[in-house]
Each structure stands twice: as structure tokens, then as C-alpha cells.
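Asker:
Here you go:
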């Protein structure tokens, strides 16, 4: 999720993510774009720093139309 940090940080005002961004490319590398799985792998410290809803939204935001 390194490439998505500006989008998923708590308090981030970055509300747009481009489907061809490095972030979306990395999301599509996750099997079934399963962001719930990614959330389950985060440490408590990481969870405190990110917006879980934004991570979950990446699943649909990064899908090709």
C-alpha cells in the first residue's frame, strides 16, 4: 500500500485516485483486489494512521470499467 499512502492516510484531502496510478496497479496485484485481506495484515500502528474506509474503497475505485 506504499503507493497509496497519500490517498489512505487519515485526514488526507486527496480524494481522487487515477485508475492508472501506481496505487491502483498495486491494488490490482492483490488477488481479487481483496482490500479486507490487506486490512487484516496491517499492524495496530498502521491501522491508526490510515482510513480503513478509503482502503476498502480502492477495490472499486481501481477496477477497470
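Residue numbers (our numbering): 142 to 206.
Just so you know, even glycine gets a beta-carbon here, dropped at the ideal spot from N, CA and C.
(1) Under a CB-based cut-off of 8 angstroms, is residue 182 close to chain C?
(2) Leaving out five residues before and five after residue 191 in sequence, what residues of the same chain have Cβ atoms less than 7 angstroms from its Cβ?
(3) Cβ atoms of residue 179 and residue 166: under 8 angstroms apart, would you say?
(4) Alpha helix (DSSP H) containing residue 147: first to last residue?
(5) Could you check which residue in 206, 181, 177, 142 has the C-alpha nearest to that of residue 163?
Answerer: Walking through what the data contain:
(1) Among the protein chains of the structure shown there is no chain C, as only one such chain exists.
(2) For the purposes of this step, residue 191 is taken as the residue at position 50 of the chain shown. Only 149, 150, 151 meet the Cβ criterion.
(3) As a working note, residue 166 is residue 25 in the chain shown. As a working note, residue 179 is residue 38 in the chain shown. Against a cut-off of 8 angstroms, the Cβ pair of residue 179 and residue 166 comes out as no contact.
(4) By one-based count along the chain shown, residue 147 stands at place 6. Unbroken alpha helix (DSSP H) run through residue 147: 146-149.
(5) The residue given as residue 163 occupies position 22 in the chain shown. Per the Cα distances, 142.
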